Amino acid sequence: QKRDARRRKKSESSSLDYRSNPYTDPAIQYSSRTCKIQTLYVSFKDLKWQDWIIAPDGYDAYYCSGECNFPLNAHMNATNHAIVQTLVHLVSPGKVPKPCCAPTKLSAISVLYFLDESNVILKKYKNMVVKSCGCH
Amino acid sequence: DGQRLSGLYVDNGLDQTVVHRVVTQREKREVEHEILNLLGLPDRPRNTGGKVPQVKRSAPKFLLDIYKNTLGEDEEKPVTLHTQTSGEFDLTGQDLRAIDQSDVIMSFAAHNHHVAGVRHERGKRLWFDVSEVPPGEHIIGAELRLYQSSDIKNHRNRGSYMITAYRVLRTEDGERELQYVDSVNTTTGHEGWLTLNVSEPLQHWVNNPDGNRGLYLSVHPADRSVHEMRPEDIGIVGSRGDADRQPFMVGFFKSSGIREAKVR
Chain A
-9 QKRDARRRKK SESSSLDYRS NPYTDPAIQY SSRTCKIQTL YVSFKDLKWQ DWIIAPDGYD
51 AYYCSGECNF PLNAHMNATN HAIVQTLVHL VSPGKVPKPC CAPTKLSAIS VLYFLDESNV
111 ILKKYKNMVV KSCGCH
Chain B
355 DGQRLSGLYV DNGLDQTVVH RVVTQREKRE VEHEILNLLG LPDRPRNTGG KVPQVKRSAP
415 KFLLDIYKNT LGEDEEKPVT LHTQTSGEFD LTGQDLRAID QSDVIMSFAA HNHHVAGVRH
475 ERGKRLWFDV SEVPPGEHII GAELRLYQSS DIKNHRNRGS YMITAYRVLR TEDGERELQY
535 VDSVNTTTGH EGWLTLNVSE PLQHWVNNPD GNRGLYLSVH PADRSVHEMR PEDIGIVGSR
595 GDADRQPFMV GFFKSSGIRE AKVR
C-alpha cells in the first residue's frame, strides 16, 4: 500500500511536470496565442481612395502576433538569439522580456495611382506584405 | 462590410476578430494619413478629390496594362514569367526589361504648350510636365508613345514616312534650335502605337527644369526629308484626339533606396 501510494504520488507529480513542460505540452505548443501570421487587409476601397488609386482595391498586409514560448523552433522560425532570450526570460521573467513576434519575410506590392489630373504613377513598395512570422 | 476602419479590432484567441472599440473620425483620419505617409505622399494627390478618375485616357490605360499583364499577384516572380500577350500597347522585350528593373513607372500626358516666339510649323510640339519626378530617382529610360490610325482622310498621302522627335533647345527671338532625339519609320495604313526613345530629353528636363521647352515632332516622306507634313496627315493622333489614343510619355525609374520622408 505504501509502495502504491508513493507510486501514485510520483505519478501525480510527474503528471504536473508534464502539464507544465513546454516541450511536450500540446496545449502550449499549439496554443492559439503562439506567434503566428494574422490576417490584416488594408482596403483602399474602404478608405474611399478609389478616386485616385486605380489598382489594387487593397492588399493582404497581414501582421505578426502571439507569444514566443518554447519550443520556438517547432513552427516559428526563431532566431538563435530568440532561443537564448527565452531561456533568460524563464530565469528572470520580471527582468527580461520574451522575444518579439515579428515578420521574418516580407514582399512588395505595386500601387497604381493618379499623381494629378493627368499623370499616373505605378510604384513598387518593398517590404509591405508579411509573408512569414518568427521570434526575434 | 465597408466599416473596417471604423473600429479597432482584436483577436479573441479563437481565431476570430472582434471589435475592441469604435475609433473617432480624428483617429480614422490619422490612420489614413499614416498609410498615405507609408505611400510617400504628404496628402491625397492634388486635383483628384471628388472627381471621377479618367482611366480611359491613354496614359493610365498603358500603366494599367502593365499592372495587369506583367506584375500579377505574386511580385516575387520575374516579369517574363508573368507576361501574357499584352493588351493593345504591344510591350517589347526592351519594355519588359525596363519594367522588371523599375521601382517607379510614371506617365506624362502631352500638353499643347505654347511658347511665345515659336513659329507654327507643320510639325507638332509636345510638352510634358516632369516636375513631379521624385528627386534622386535614377532614370532607366523613357519613351514617347504615339498612336497611328490607319484611317486617313487624304489617300494621296499613302506611302512610307519617317517621324522624328527633336528636343527644343532655345526659343528666344523667334529662333528655334532643335536637337535630334530619335526617329521611327512607318507606313500609312499602320494601326497601333509607335514608340520613340526619349530618355535623353527626360534626363535633361529633370536636371534643368527651366530648359523644358518640350519636343518637336517632324513627319516627312521616307525619301524626301525636306517635305515636312502634319502628323495628322498620316494618321498620328494628337492631344485633341480620342482620349485613349492621345500621345504620352512614360518614364522608368530605379529608386535611390532612400525612404521618402515627406513632411506633412
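Sequence lines, in order, name chains A and B.
When you number the first sequence by our numbering, it's gap-free, plus one each residue, and the end is 126.
When you number the second sequence by our numbering, it's gap-free, plus one each residue, and the end is 618.
Positions of the beta carbon are idealized from the N, C-alpha and C atoms, including for glycine.
Since we're looking at a predicted model, the values are computed, not measured.
- C-alpha gap between L393(B) and E582(B), whole angstroms: 46 Å
- Mind checking Y103(A): buried by the 16 CB within 10 Å criterion, or exposed? buried
- Query: Is S412(B) close to chain A, meaning its C-beta is less than 7 Å from at least one C-beta of that chain?
  - Reply: no
- Message: Starting from W559(B), trace the alpha helix (DSSP H) in both directions and tell me its first and last residue.
- Response: 553 to 561
- Residue-chain proximity (I493(B), chain A), Cβ-Cβ < 7 Å: no
- Message: Does chain A have any CB closer than 7 Å to the CB of I517(B)?
- Response: no
- Item | Span separating the alpha-carbon of N109(A) from that of K507(B) | 31 Å
- Query: Near R524(B), which residues of its chain fall below 6 Å by C-beta distance, leaving aside the five closest residues on each side in sequence?
  - Reply: E531
- Can you tell which of E57(A), K35(A), L77(A), V101(A) has its C-alpha closest to the C-alpha of P414(B)? V101(A)
- For Q502(B), name the three-state secondary structure that DSSP assigns. strand
- Task: Please report the Cβ distance between D619(B) and R411(B), rounded to the nearest whole angstrom; I am assuming they are in contact, meaning their Cβ atoms lie under 8 Å.
- Result: Chain B is shown only over 355 to 618; residue 619(B) falls outside these bounds and no answer can be derived.
- Query: Does any residue of chain B bring its CB to less than 7 Å from the CB of N67(A)?
  - Reply: no
- For the candidate residues R594(B), I420(B), G477(B), whose alpha-carbon lies nearest to that of G568(B)? G477(B)
- Item | Cα-Cα separation, P46(A) to V86(A) | 43 Å
- Assuming P555(B) contacts R521(B) (C-beta within less than 8 Å), just tell me the rounded distance between them. 5 Å
- What's the call for C25(A), buried or exposed, on a 16-neighbour Cβ count within 10 Å? buried
- Message: Check this for me: beta carbons of C54(A) and C123(A), under 7 Å apart or not?
- Response: yes
- Going by the CB atoms, is the gap between S537(B) and T518(B) shorter than 7 Å? yes
- Counting only the same chain and skipping the five closest in sequence on each side, list residues whose C-beta sits under 7 Å from that of S609(B). D457, V458, E491
- Which residue comes first and which comes last in the alpha helix (DSSP H) that contains D419(B)? 412 to 420
- Task: Answer with yes or no whether the minimum CB distance from A463(B) to chain A is below 7 Å.
- Result: yes
- Item | Supposed close pair I73(A), L62(A) - CB separation, criterion 8 Å | 5 Å
- Task: Kindly list, in the order they appear in chain A, the residues whose Cβ is closer than 7 Å to that of L417(B).
- Result: L102, V110, L112
- Query: chain A partners of V409(B), CB-CB under 8 Å?
  - Reply: I44
- Task: Take M118(A) and list the residues in its own chain whose beta-carbon comes closer than 8 Å to its own, dropping the five residues that flank it on each side.
- Result: Y49, A51, L96, S97, A98, I99
- Message: For A463(B), which residues in the same chain have their Cβ closer than 6 Å to its Cβ, ignoring the five residues on either side in sequence?
- Response: A413, F602
- Task: Leaving out five residues on either side along the sequence, give the residues of the same chain with a beta carbon under 8 Å from the beta carbon of V484(B).
- Result: F462, L556, W559, V560, P563, N566, G605
- Task: Measuring only between beta-carbons, confirm whether M603(B) sits less than 7 Å from chain A.
- Result: no
- Alpha carbon to alpha carbon, how far is D577(B) from G495(B)? Give it in angstroms, no decimals. 30 Å
- Message: Just to confirm the assignment, what range does the beta strand (DSSP E) spanning D596(B) have?
- Response: Unbroken run through D596(B): none, as it is neither H nor E.
- Item | Host alpha helix (DSSP H) of I453(B) (start-end) | 447 to 455
- Item | Straight-line gap, V433(B) to S82(A) (C-alpha atoms, nearest Å) | Any answer about V433(B) is weak, because its pLDDT of 48 lies below 50 and its placement is not dependable; what the coordinates show is given next. Taking the straight line from one Cα to the other gives about 51 Å.
- Task: Would you mind telling me which residues of chain A sit closer than 9 Å to E497(B), beta carbon to beta carbon, in chain order?
- Result: Those within 9 Å of E497(B) in chain A number zero; the least Cβ separation is about 14 Å.
- Query: What number of angstroms, rounded off, separates the C-alpha of L450(B) from the C-alpha of N511(B)?
  - Reply: 34 Å
- Item | Chain-order list of residues whose beta-carbon lies under 6 Å from that of E343(B) (same chain, five-residue window excluded) | What is shown of chain B runs 355 to 618, which leaves residue 343(B) out entirely.
- Message: 7 Å is my cut-off, CB to CB: does L37(A) come that close to chain B?
- Response: yes
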